[in-house]
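*Asks:*
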Amino acid sequence: MSQPVVTNPKPCRSLAVRLFSLLSIFLTRPFAMALAITAFATSAQAQSICSANGVQLQILGSGGPFGSGRASAGYLLWIDGQSRLMVDAGGGTFARFHEAGANLQDLELLALSHFHPDHSAELPALLWPQNGELTISGPSGSAEFPSVDAYLDGLLGPNGVFRVLNQRFDIDSVMIDVGSPATEVLSSDSMTISAKGVPHGDVPTLAYRVETSAGSIAFSSDQNGSDPSFTEFVQGVDVLVVHFAGNEDGSGRGDLHAKPSVWGKIASDANVGRLVLSHLMSNQNIENNVDALKQVWTGPLTIAEDLMCLEIK
Ligand SMILES: [Zn+2]
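In the working numbering, the protein residues as written are -4 to 308.
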């Protein structure tokens, strides 16, 4: 199984700031300022895409619904320098999307997992004020939650809140029945994407799996980890991104989020190449939860940060 390599683990901007601080010690201020500005520009360019070649996963938002400085859930898949897939569009991902240098016109799919705001509130901001075509997938609905079609109609339809976008975008929606077995969402020259319903309280929610020529990536979304068929769905993936939002001591919403040890068992049983912890919440003791995870999972582990890139190879 191929192993991803963590590249560019922090936004380059902080490196530029640190460089400026060091330069200031040794150089006169105007000269140091000029050099630092040059370094910033170079870093910003380097940050614009993860890499011009290959396949990379970039974290847009590593946070959950509680404000912590992290954007809420969102991920990009870069293929040969183009942003081909976005998964989830939580609050703050609009800013991260553009910081990453991503292009809406390059997206083959925007894959939404469910209709909690920390996963799907940013769509109108992402679209405005652009034009074009976009395919958006999402779950079927329930009595309490809209389907992806109802969500899109409520936002962008002729009577939607943001009907100003209605004539600007040709949206093709793909609705996945959360009660069905794993279902193919899209297949193209660059990737094949499938989706499957996962247990997240009463919220219809989808996990996604992506196959590329370089490797495979799966996104757990929010779920309590109680459906064994999810382990089959992610069997053998090179990278599994899980939403690390449950506490090992059982506090919080166990009906919504898996405990760390549950994630560890799923990753072990599915023989995944690397586990990425995301959807990190400021109201939790993340360190304690990571310790609990490590009792069960001893394989490669990454704690997500906004704008981090993971090379898939
Ligand atoms: Zn969430």
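The beta-carbon is built from N, C-alpha and C at its ideal position, and this holds for glycine as well.
Would you call the segment 187 to 206 in contact with the segment 93 to 113, where contact means no fewer than 3 C-beta pairs closer than 8 Å?
*Replies:* The segment 187 to 206 is in contact with the segment 93 to 113.
*Asks:* With a CB to CB cut of under 7 Å and the five nearest residues on each side skipped, what residues in its chain are close to D148?
*Replies:* Closer than 7 Å at Cβ, skipping near neighbours: G155.
*Asks:* Do you know how far the Cα of G76 is from the Cα of S185?
*Replies:* Distance between the alpha carbons of S185 and G76: 12 Å.
*Asks:* Does the distance between the C-beta of A68 and the nearest non-hydrogen atom of ligand 1 fall short of 7 Å?
*Replies:* The answer is yes for A68.
*Asks:* Three or more C-beta pairs under 8 Å: does that hold for the segment 204 to 212 against the segment 110 to 122?
*Replies:* Judged by Cβ distances under 8 Å, the segment 204 to 212 makes no contact with the segment 110 to 122, as fewer than three pairs qualify.
*Asks:* Return the first residue and the last residue of the alpha helix (DSSP H) that E227 is part of.
*Replies:* Its alpha helix (DSSP H) spans residues 223 to 228.
*Asks:* How close, in whole Å, do the beta carbons of N278 and D250 come, if the pair is a contact with beta carbons under 8 Å?
*Replies:* Incorrect: roughly 17 Å between the Cβ atoms, too far for contact.
*Asks:* Would you mind reading off the limits of the alpha helix (DSSP H) that contains D264?
*Replies:* Looking at the DSSP string, the run of the alpha helix (DSSP H) that includes D264 is 255 to 265.
*Asks:* For the segment 59 to 68 against the segment 86 to 94, are there 3 or more C-beta pairs whose distance is under 8 Å?
*Replies:* Contact between the segment 59 to 68 and the segment 86 to 94 is present, because at least three Cβ pairs lie under 8 Å.
*Asks:* According to DSSP, is P134 helix, strand or coil?
*Replies:* It is a strand residue.
*Asks:* Under DSSP, the beta strand (DSSP E) around T88 begins and ends at which residues?
*Replies:* Unbroken run through T88 is the alpha helix (DSSP H), 88 to 94; no beta strand (DSSP E).
*Asks:* If you follow the alpha helix (DSSP H) that L99 is part of, which residue opens it and which one closes it?
*Replies:* Segment: none, L99 is in no alpha helix (DSSP H) and carries neither H nor E.
*Asks:* Of all the options G259, A145, G247, which has the alpha carbon lying nearest to the alpha carbon of I166?
*Replies:* It is A145.
*Asks:* Excluding five sequence neighbours on each side, which residues of the same chain lie with their C-beta closer than 7 Å to the C-beta of S183?
*Replies:* E103.
*Asks:* Measuring CA to CA, which of S135, F140, T207 is closest to G174?
*Replies:* Ranking the options by Cα distance to G174, first place goes to S135.
*Asks:* Among V237, I281, N284, G259, which has the Cα closest to the Cα of T293?
*Replies:* Of the candidates V237, I281, N284, G259, the one whose C-alpha sits nearest the C-alpha of T293 is G259.
*Asks:* On the CB-based measure, 16 or more other CB atoms within 10 Å of its CB, does K254 come out buried or exposed?
*Replies:* Its Cβ being crowded by 16 or more others within 10 Å, K254 is buried.
*Asks:* I want to check one thing, is the minimum distance from the CB of G133 to the heavy atoms of ligand 1 below 7 Å?
*Replies:* Result no, Cβ not under 7 Å from ligand 1.
*Asks:* Is DSSP giving D172 helix, strand or coil here?
*Replies:* Note: D172 maps to coil in three-state DSSP.
*Asks:* To which residues of the same chain is I54 closer than 7 Å at the C-beta, ignoring the five residues directly before and after it?
*Replies:* These residues qualify, in order along the chain: Y70, S273, A299, E300, D301, L302, M303.
*Asks:* So, are the CB atoms of T207 and A265 less than 8 Å apart?
*Replies:* Against a cut-off of 8 Å, the Cβ pair of A265 and T207 comes out as no contact.
*Asks:* Thinking C-alpha only, which one of A138, H252, S246, V232 is nearest L270?
*Replies:* Residue V232 is the option with its Cα nearest to L270.
*Asks:* What does a CB cutoff of less than 7 Å around P25 pick up in its chain, not counting 5 residues either side in sequence?
*Replies:* For P25, the predicted structure reports a pLDDT of 40, less than 50, and the residue's modelled location is therefore unreliable. A value from the coordinates is still provided. Within the same chain, P25 has no close Cβ partners at all.
*Asks:* Beta strand (DSSP E) containing G192: first to last residue?
*Replies:* From DSSP, the beta strand (DSSP E) with G192 extends over 186 to 193.
*Asks:* Compute the Euclidean distance between the alpha carbons of A47 and D244, then round it to the nearest angstrom.
*Replies:* In a straight line, the C-alpha of A47 is about 43 Å away from that of D244.
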